[in-house]
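**Q**
There are 2 protein chains.
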Amino acid sequence: MAKIDAAKLGEYIREQRMAAEISVRQLARTAGVSNPYLSQVERGLRRPSAEILARIAAGLRISAETLYVRAGILEEREGDRAVLLAISEDPTLTDRQRRALLEIYAAFQTENSAQQAESHTEEEHLA
Amino acid sequence: MAKIDAAKLGEYIREQRMAAEISVRQLARTAGVSNPYLSQVERGLRRPSAEILARIAAGLRISAETLYVRAGILEEREGDRAVLLAISEDPTLTDRQRRALLEIYAAFQTENSAQQAESHTEEEHLA
DNA sequence: GCAAGCCGCTTGCAATTGCAAGCACTTGCG
DNA sequence: CGCAAGTGCTTGCAATTGCAAGCGGCTTGC
């Protein structure tokens, strides 16, 4: 698990806030945190807890998970892994259905790999 | 976002630790936290940070997300929603493949609903 | 000019987090 | 018996988190 880089996190929060064109005080009010603290967080002087991150995310209207990932609390779910996990853990599927979906997904992955290999081969010809 | 219930979280951690048949000190050492602190966490006297939770989870060989959910940091991803989201967000799939998977998944869901309705009908006959 | 409002930031402080040192107890061995 | 090793917990403390009070700077309207 990556160590939280407060500076990077703060930068990201500031970027998002500026993109939303709101001031520190406005975001702080919306998020329900003190504005000096938010300012400190943006400048990387503090490492906010998950609860504060969730509040800031709500104020920014982005998912809390986005900030958790930035903060190093959560790992980004890689695309293919996310699908495999989600299907495996879905309690609404029967075993047969689960297996079928996983096989189809694997077939698509193979298909995409073959296409990528083909692309590489063409590139080699050109090079 | 639910407020963290330190007592419930602590109970869960203790349960998992006892299920694994390891002592407070053993888990603390494996997890890289102090054993008195772990003891306090288990008794609901402290609210550990996400970082500590991740360490404890690693020591227990469970996913950090499990403890995050218990701690109220993260919300549980509902089964069917997780699959839909994962497929939608998978960058390794082409549009065609994505659509196909979503349709198959939907078909399975319909199939399962039909079977559930059938079960209910049989139950009504018996009742 | 002044007052009011906004801006982001400084500073001191109370509460909390996580740890180190150590306690009392139990168990197994010589 | 005494000792060593293990058990979970108590306690005091340093560091950190998040806040309230307030600063200086800027803009706007009178």
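Chains as they are written, first to last, in our numbering: chain A, 12 to 138; chain B, 12 to 138.
By construction, the Cβ of each residue, glycine as well, lies at the ideal position given by its N, Cα and C atoms.
1. Give me the residue from A/GLU76, A/GLU87, A/ILE67 with the minimum Cα distance to A/SER50.
2. With A/ALA31 as the anchor, note down where its alpha helix (DSSP H) starts and where it stops.
3. Span of the alpha helix (DSSP H) holding A/LEU38?
4. Can you find a C-beta in chain A that's less than 7 Å from the C-beta of B/ASP106?
5. One question on the structure: do A/ALA97 and B/VAL94 come within less than 7 Å of each other, judged by their Cβ atoms?
6. B/GLN84 touches chain A at which residues, Cβ-Cβ below 7 Å?
7. Tell me the start and end of each unbroken alpha helix (DSSP H) in the region 42 to 98 of chain A that is at least 4 residues and wholly inside, in chain order.
8. If the cut-off is 7 Å on Cβ atoms, which residues from the region 40 to 54 of chain A count as contacting chain B, listed in chain order?
9. Relative to the C-alpha of B/TYR23, which candidate in B/ILE73, B/ARG40, B/ARG109, B/GLU87 has its C-alpha closest?
10. Measure the alpha-carbon distance for B/THR41 versus A/LEU112 and round it to whole angstroms.
11. Starting from the beta carbon of B/ILE24, find every residue of chain A whose beta carbon is closer than 7 Å, and list them in chain order.
12. Mind checking B/ARG110: buried by the 16 CB within 10 Å criterion, or exposed?
13. When we look at the beta-carbon of B/ALA30 and count the other beta-carbons within 10 Å, is it buried (16 or more) or exposed?
14. Which chain A residues sit within Cβ distance under 9 Å of B/GLU87?
15. Could you confirm whether any beta carbon from chain A is found closer than 7 Å to the beta carbon of B/VAL94?
16. Which residues in chain B sit within 8 Å of A/GLU114, going by Cβ to Cβ distance?
17. Tell me whether B/THR105 sits in a helix, a strand or coil according to DSSP, three-state version.
18. Is the distance from the Cβ of A/ARG58 to the Cβ of A/ALA125 below 7 Å?
19. Could you tell me whether any Cβ in chain A is nearer than 7 Å to the Cβ of B/ALA18?
20. Quick check: is any heavy atom of the ligand FMN less than 6 Å from the C-beta of A/GLU86?
21. Please state whether the Cβ-Cβ distance between A/TYR79 and A/LEU85 is less than 7 Å.
22. Is there at least one Cβ from chain A nearer than 7 Å to B/ALA117's Cβ?
23. Would you call A/ARG107 buried or exposed, if buried means 16 or more other Cβ atoms sit within 10 Å of its Cβ?
24. Determine, using beta carbons only, whether B/ALA97 comes closer than 7 Å to chain A.
**A** From the atom records:
1. Within the first sequence, the letter at position 39 stands for residue 50 of chain A. Sorting A/GLU76, A/GLU87, A/ILE67 by C-alpha distance to the C-alpha of A/SER50 places A/ILE67 at the top.
2. Translated into positions along the first sequence, residue 31 of chain A becomes position 20. Taken as a continuous stretch (DSSP letters only), A/ALA31 belongs to no alpha helix (DSSP H), as it is neither H nor E.
3. Counted from its first residue, the first sequence places residue 38 of chain A at position 27. Note, A/LEU38: alpha helix (DSSP H), 35 to 42.
4. In the second sequence, residue 106 of chain B corresponds to position 95, counting from 1. Chain A contact via Cβ: absent.
5. On the first sequence, position 86 is the one that residue 97 of chain A refers to. On the second sequence, position 83 is the one that residue 94 of chain B refers to. Yes, the pair counts as a contact, with Cβ atoms nearer than the cut-off.
6. Taking the first residue of the second sequence as position 1, residue 84 of chain B is located at position 73. Rather than Gln, the amino acid found at residue 84 of chain B in this sequence is Ile. Those within 7 Å of B/ILE84 in chain A are ALA61.
7. Fully enclosed alpha helix (DSSP H) runs of no fewer than 4 residues occupy 46 to 53, 61 to 71, 75 to 82 of the region 42 to 98 of chain A, in order along the chain.
8. For the region 40 to 54 of chain A, which is checked against every Cβ of chain B, not one residue is closer than 7 Å.
9. Taking the second sequence and counting its residues from 1, the one referred to as residue 23 of chain B is at position 12. The option with the nearest alpha carbon to B/TYR23 is B/ILE73.
10. Residue numbering aside, residue 41 of chain B sits at position 30 when the second sequence is read from its first letter. Residue numbering aside, residue 112 of chain A sits at position 101 when the first sequence is read from its first letter. Computed Cα separation, rounded: 38 Å.
11. Locating residue 24 of chain B in the second sequence gives position 13, counting from the first residue. Neighbours of B/ILE24 on chain A: none; closest Cβ ~17 Å, over 7 Å.
12. Walking along the second sequence from the start, residue 110 of chain B turns up at place 99. B/ARG110 should be labelled exposed.
13. Sequence index remark: in the second sequence, residue 30 of chain B carries index 19 (1-based). Its Cβ having fewer than 16 others within 10 Å, B/ALA30 is exposed.
14. The count along the second sequence starts at 1 and reaches residue 87 of chain B at position 76. Chain A residues near B/GLU87: none, gap ~11 Å exceeds 9 Å.
15. Position 83 of the second sequence, counting from 1, holds the residue named residue 94 of chain B. Under the Cβ distance rule, B/VAL94 counts among the residues neighbouring chain A, one pair being separated by less than 7 Å.
16. Translated into positions along the first sequence, residue 114 of chain A becomes position 103. By Cβ distance, chain B contributes nothing, its closest Cβ being about 11 Å from A/GLU114, past 8 Å.
17. The count along the second sequence starts at 1 and reaches residue 105 of chain B at position 94. B/THR105 falls in the coil class under three-state DSSP.
18. Numbered from its first residue, the first sequence carries residue 58 of chain A at position 47. Numbered from its first residue, the first sequence carries residue 125 of chain A at position 114. No.
19. As a position in the second sequence, residue 18 of chain B is number 7, starting the count at 1. Judged by the 7 Å Cβ criterion, B/ALA18 is not in contact with chain A.
20. Of ligands this structure carries none, so the ligand FMN is not represented either.
21. Here the question's residue 79 of chain A lines up with position 68 in the first sequence. Here the question's residue 85 of chain A lines up with position 74 in the first sequence. Going by C-beta atoms, A/TYR79 is nearer than 7 Å to A/LEU85.
22. Sequence index remark: in the second sequence, residue 117 of chain B carries index 106 (1-based). Chain A, which has no Cβ nearer than 7 Å to the Cβ of B/ALA117, makes this no.
23. On the first sequence, position 96 is the one that residue 107 of chain A refers to. A/ARG107 should be labelled exposed.
24. Taking the first residue of the second sequence as position 1, residue 97 of chain B is located at position 86. Cβ-Cβ to chain A under 7 Å: yes for B/ALA97.
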